[in-house]
Each structure stands twice: as C-alpha cells, then as structure tokens.
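The opening position of the sequence shown corresponds to residue 1195 in this note's numbering, with each subsequent residue numbered one higher.
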Amino acid sequence: MPNDRLDDILNRLDRIAGALERSAPPQSQDADYDAADAFVWHAATCTLQPVPRVNRVEMVLLHGIDRVRDILVDNTVRFARGLPANNALLWGARGMGKSSLVKASHAAITAQHDHKLKLIEIHREDIEGLPVLMGQLRDQSGYRFIIFCDDLSFDSQDTSYKSLKAALDGGIEGRPDNVLLYATSNRRHLLPRDMIENERSTAINPSEAVQEKVSLSDRFGLWLGFHSCSQDEYLEMIRGYVNHFKLTIAEDQLRAEAIEWQTTRGSRSGRVAWQYVQDLAGRLGKALT
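Shown next as structure tokens:
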C-alpha cells in the first residue's frame, strides 16, 4: 500500500478515535467534600462544584411556616444522626419559603453535626443524571448528603420523571443510606393536571396510566404543604425582618407601605415581604447584613 494512502487511513482513524473520546460520557471525579458544606452538581462533567457561600435566609427569619419547619428539621436531624429519614417534597404557593427552609435547615443542622452533612443542588434539567450522582455518593460513608432540586416539575413532553422515580426507589441496589432527596415544587404531583387528564383520556387503561403519573410524588415520604399567607402573617414576616435588621420606621407607616407594596404586586408571600424590606432598607441607607 502506498505511504500516502496509509497516512490518510491513519489520520482518519485518529479523527474517529478522537470523536469517540469526545462523545463518551465523562468519568465522575471524587470531590473534596471538606472544601465546602454545599455543592452544585454539573451533569455534563460529572463534577461537584463547591459553594463557598450559600444564598440563604436565617431560620429565625422564616415566619408563618412553623409546623412544616419543625417536621423538616426533625427529619433532617434524624438523617444527620444516621437514623432513618424520608425524602421530602415541599409543595405549594410560590414565594412562601420552600427553598429557603431547605437551605436554612441545612445551615442550622450543619453547625451542630461537625460539617458532615452536605447539601448538593441538582438542576431540574440534570435530573436524568441523578443515578450517576447517587452512585458517586454511595461510597462516601463518612458524609451525609441532601440532594436538593428546586422548582421541580415536568411537562407533557418530558419523560425524565421516570429517571427520578428509579433514583428515588434506588433500583436493585437501593437508595444509598447516606443520601436523601429534598425537592420543591408548585405542584403536589409534580406533573401538570392536563398531562394527567390527557393520560386518562387516551390510555387503554385510564386508571393505570394516571397512577403511573401520580405515583412519582408517592416516592417522597414527606409531603409538606405551603399555603398563601394572610395579611396578618404577611405583616408579621415584615416586622420580623425589620426588627432583625434594626430598621427604624413608624408602625403606621410600615403597615401602610407594606399593604401598598403587596397590592401593587397582586400577591402576599414571604418573597414579597422580603422584597419590600429590601426596598425599605435601601431607602433608609441600611445594609442587610
């Protein structure tokens, strides 16, 4: 065979080999779990990125959710101590502190358990990589991990919820003893009602099809509901922030401004209360530290 032809074949083989290596899934790498108390999972590279400073609110500033707060904290404490605990789904009204409660619970409990409890955020679009992440964490017996997915939901074209169901059940290996999943969602069943109704109308066996969709949320042992707050609860949230950050404002003015603020936004929630406090602190020239 002429040398030119041989060189051409070898070059093509090199390009093919390079393309195969680039298309192969990256191998997961063990993270330095002592580098931080919280991490973000990057499914594309199968790596955990440390988060030096978590964006969160202190537990004492979360008002109006006392019952669900106590349930989640108790569940998390048991897990941190190596006792049986449940996956948790925090569902309900937007802006009422679902994700804030998860992060605040982790922060409060981490301070009491020698920094062995780690919070790992996984993005909604990376749910299909959840089994890979759980496999990576399985052998880290010296640590406890809460995998946290914020605003988890699925649309009618999405089938990745099946990956989540398999991960929650743990498959043949079972869910790792050192891993829990906490998720927040505006939907109790994680799937839109029209998606469930469509399955009911088109399936050969409607009840079985609906059960297949609804059973996803059944994998969570705890369902913690968050409901819209009353005006009194909304004002109490604001007063809690004002007192905590030592913002000086007359009670009558505070009440009038807070009610006007919620009226312009068309809703009342912890998020709206916090946004008003940020505006108030800015006008008063006070830093929220």
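Glycine included, C-beta positions come from ideal geometry on N, C-alpha and C.
Exposure of residue i, with buried meaning 16 or more beta-carbon neighbours within 10 Å
i        : result
Thr-1378 : buried
Ala-1305 : exposed
Ile-1398 : Bear in mind that the predicted position of Ile-1398 carries a pLDDT of just 46, short of 50, making it too unreliable to give a figure here.
Gly-1289 : buried
Lys-1480 : exposed
Segment limits, alpha helix (DSSP H) that includes residue i
i        : result
Pro-1325 : 1324–1332
Ile-1265 : 1260–1274
Gln-1295 : The sequence given here has Leu at residue 1295, not Gln. From DSSP, the alpha helix (DSSP H) with Leu-1295 extends over 1292–1304.
Leu-1277 : From DSSP, Leu-1277 is part of no alpha helix (DSSP H); its letter is neither H nor E.
Gly-1415 : No alpha helix (DSSP H) contains Gly-1415, which DSSP labels as neither H nor E.
Span of the beta strand (DSSP E) around residue i
i        : result
Ile-1453 : Here Ile-1453 belongs to no beta strand (DSSP E); instead the alpha helix (DSSP H) covers 1445–1459.
His-1236 : 1232–1236
Ala-1282 : 1282–1286
Gly-1464 : That residue, Gly-1464, is in no beta strand (DSSP E); its alpha helix (DSSP H) goes 1464–1478.
Alpha-carbon spacing of residue i relative to residue j, whole angstroms
i        : j        : result
Ala-1301 : Ile-1210 : 49 Å
Arg-1177 : Glu-1451 : Given a span of 1195 to 1483 for the chain in the structure shown, any question on residue 1177 remains unanswerable.
Val-1373 : Leu-1482 : 34 Å
Ala-1237 : Arg-1318 : 11 Å
Ala-1279 : Gly-1336 : 17 Å
Leu-1327 : Val-1245 : 17 Å
Gly-1286 : Trp-1235 : 25 Å
Asn-1464 : Asp-1208 : Looking at the sequence provided, one finds Gly at residue 1464 rather than Asn. So the alpha carbons of these two residues sit roughly 58 Å apart.
Arg-1477 : Val-1251 : 21 Å
Leu-1324 : Cys-1343 : 10 Å
Whole-Å CB distance - residue i paired with residue j, under 8 Å assumed
i        : j        : result
Ala-1274 : Arg-1338 : 6 Å
Leu-1418 : Leu-1284 : 5 Å
Tyr-1435 : Val-1471 : 4 Å
Leu-1313 : Ala-1232 : 4 Å
For residue i: DSSP bridge partner residues
i        : result
Arg-1338 : Leu-1311
Val-1373 : Phe-1339
Ser-1379 : Trp-1285
Pro-1246 : Note: Pro-1246 sits in no beta bridge, so no partner.
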